[in-house]
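Participant: Residue 190 in the numbering used here sits at position 204 of the sequence shown, and the numbers go up by one each step.
The beta-carbon is built from N, C-alpha and C at its ideal position, and this holds for glycine as well.
If you're wondering where the values come from, they're calculated on a predicted model, not measured in any experiment.
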Amino acid sequence: MATAARTARIDRVLRPVHRWVWRDGGRRVRKLLAFADVETDGGRDILRAAEVTPDPLLRRLYLAHAIDELHHGVLFRERGAELLRARSEPASSLFNGNPLPGGHGLDDVSIEGEADTRLLAFLHVAEKAAAGRFAVYRELVADDPPTRAIFDEILHDEVFHMNYTYTQLARISPRTYRSQVWLARASRVWHRVLRLAAALGALMGAAFLTLLYFVLLPPFAWLARRAATREPGGWAPISARAEAPPTSQY
Ligand SMILES: [Fe+2]
Ligand SMILES: [Fe+2]
C-alpha cells in the first residue's frame, strides 16, 4: 500500500495538471478514448498470457483479468463516444493534448517469452499505479456522474487486479517476489524517463530549429537585399568581348 500512497501523492502533486486536462470537454473525450485503447490492448495481451501460461490457476485469473480490461475498454469507449456526440462546439486544436501518461501503462506489457513472475510483477505495479490515478480522476469528474460511476466500477476491478497479482507472485516466487516488484518498478520508471527524454529531445530540436531560422536567416536575407540594390535595374549592355561570334554552342 505504501507505493499506492506514493503514486497517489505524485498524482496529488500533479492534481492541477489533471484538473486542467479533465476540465475541458474535448480533452476529457480524448482522454476517455485513449484509455479505451490502452485497456483494450492490455486486455488482449493478458488474454495471450492466459493462453501461454502453464499454471492452471493463473490461466483462470488472467482470463478473468482480460475480460475486466476488455470491459473497461468498452465502458471508456462508449462514454467517450457519448460525450463526443453531446458536444456541440468543435474541439479546440490548441493545447488539446494530454501532457500526462494514461491510466495503466499496460501498453508497455510484453507477453511473448515473459515468465509469469516478471509479468505478474509488471501487472502488479501497473495496476497499483492505475488504482491511484483512477482514484484521483474520479474526484475530478464529480460534475459528470456517469463518468464518475465508470471510474468507481473500474477502480474496484483495478484494486482486485493489484491484489491478485501480488498474491500470485508471492505464491509462485515466494523467495524473490519482493525483488521482482522492485525490478518491475525500476523498469517502469526507466521507461517513463526514456519517454520523457524523447519528448524533451523533440521539443528542444523544434526550439533549436526555430531559433536557427530566426537567427541565421535574417543576415542572409539582408545581404541578398543589399546585393539586389547594387544591381542596375532593367536591361544592361553586355561587354564588347561577349559580342564576338561564338565558337562553340556553349
Ligand atoms: Fe483496467
Ligand atoms: Fe486492471
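Run the proximity test for D23: is its beta-carbon closer than 7 Å to any non-hydrogen atom belonging to ligand 2?
Facilitator: Here residue 23 is taken as the residue at index 37 of the sequence shown, counted from 1. Not under cutoff, so the answer is no.
Participant: Comparing alpha-carbon positions, which option in L195, P42, E25, R164 lies nearest H57?
Facilitator: Position 71 of the sequence shown holds residue 57. Nearest of L195, P42, E25, R164 to H57, Cα basis: E25.
Participant: Check whether the Cβ of H147 lies closer than 7 Å to any heavy atom of ligand 2, and answer yes or no.
Facilitator: The count along the sequence shown starts at 1 and reaches residue 147 at position 161. Yes - ligand 2 has a heavy atom lying nearer than 7 Å to the Cβ of H147.
Participant: Could you round the C-beta distance between H142 and E113 to whole angstroms and report it? I think they count as a contact, below 8 Å.
Facilitator: What you label residue 142 is simply residue 156 of the sequence shown in a count that begins at 1. What you label residue 113 is simply residue 127 of the sequence shown in a count that begins at 1. Wrong, their Cβ atoms sit about 12 Å apart, outside the cutoff.
Participant: Give me, in chain order, the residues of the same chain whose beta-carbon lies closer than 6 Å to that of Y123; leave out the 5 immediate sequence neighbours on both sides.
Facilitator: In the sequence shown, residue 123 corresponds to position 137, counting from 1. Cβ within range, chain order: F137.
Participant: Kindly give me the distance between the Cβ atoms of L19 and R63, rounded to whole angstroms, as I take these residues to be in contact under 8 Å.
Facilitator: For the purposes of this step, residue 19 is taken as the residue at position 33 of the sequence shown. For the purposes of this step, residue 63 is taken as the residue at position 77 of the sequence shown. The pair is a contact, with the Cβ atoms about 7 Å apart (cut-off 8 Å).
Participant: Over what stretch of residues does the alpha helix (DSSP H) that includes V145 continue unbroken?
Facilitator: As a working mapping, residue 145 is identified with position 159 in the sequence shown. Taken as a continuous stretch (DSSP letters only), the alpha helix (DSSP H) holding V145 covers 131 to 158.
Participant: Going by beta carbon distance, what residues of the same chain come within less than 7 Å of A22, once the five residues before and after it are set aside?
Facilitator: For this step, residue 22 is matched to residue 36 along the sequence shown. Within the same chain, A22 has close Cβ partners G59, F62, R63, G66.
Participant: Counting along the chain, where does the alpha helix (DSSP H) carrying R221 start and finish?
Facilitator: To locate residue 221, count along the sequence shown from 1; it is residue 235. The question names Arg, yet the displayed sequence has Trp at residue 221. Neither: W221 is in no alpha helix (DSSP H) and is coded neither H nor E.
Participant: For A52, which residues from the same chain have a beta carbon less than 7 Å from its beta carbon, with the 5 sequence-adjacent residues on both sides left out?
Facilitator: The count along the sequence shown starts at 1 and reaches residue 52 at position 66. The answer, listed in chain order, is G29, I32, L33, A36.
Participant: To the nearest angstrom, report how far apart V145 and A185 are at their CA atoms.
Facilitator: On the sequence shown, position 159 is the one that residue 145 refers to. On the sequence shown, position 199 is the one that residue 185 refers to. Answer to the nearest angstrom: the Cα atoms are 31 Å apart.
Participant: Leaving out five residues on either side along the sequence, give the residues of the same chain with a beta carbon under 7 Å from the beta carbon of A128.
Facilitator: Counted from its first residue, the sequence shown places residue 128 at position 142. Excluding positions up to five away in sequence, the list reads R134.
Participant: Should the stretch -4 to 14 be called in touch with the stretch 36 to 50, which here means at least 3 C-beta pairs below 8 Å?
Facilitator: No contact exists between the stretch -4 to 14 and the stretch 36 to 50.
Participant: How would you call L106, buried or exposed, if buried means at least 16 neighbouring beta carbons within 10 angstroms?
Facilitator: For the purposes of this step, residue 106 is taken as residue 120 along the sequence shown, with counting starting at 1. Classification of L106: buried, given that the 10 Å Cβ count is 16 or more.
Participant: In the DSSP assignment, the alpha helix (DSSP H) including P42 goes from what residue to what residue?
Facilitator: Start at 1 with the first residue of the sequence shown, and residue 42 comes out as number 56. First-last of the alpha helix (DSSP H) with P42: 42 to 72.
Participant: Among the candidates A210, D102, Y150, whose CA atom is the shortest distance from the CA of A50?
Facilitator: Residue 50 sits at position 64 when you count from the first residue of the sequence shown. Residue Y150 is the option with its Cα nearest to A50.
Participant: With hydrogens ignored, establish whether the beta-carbon of E144 is closer than 7 Å to any heavy atom of ligand 2.
Facilitator: Working through the sequence shown from its first residue, we reach residue 144 at position 158. For ligand 2, at least one heavy atom lies less than 7 Å from the Cβ of E144.
Participant: Tell me the residue span of the alpha helix (DSSP H) that contains A115.
Facilitator: Start at 1 with the first residue of the sequence shown, and residue 115 comes out as number 129. Residues 102 to 126.
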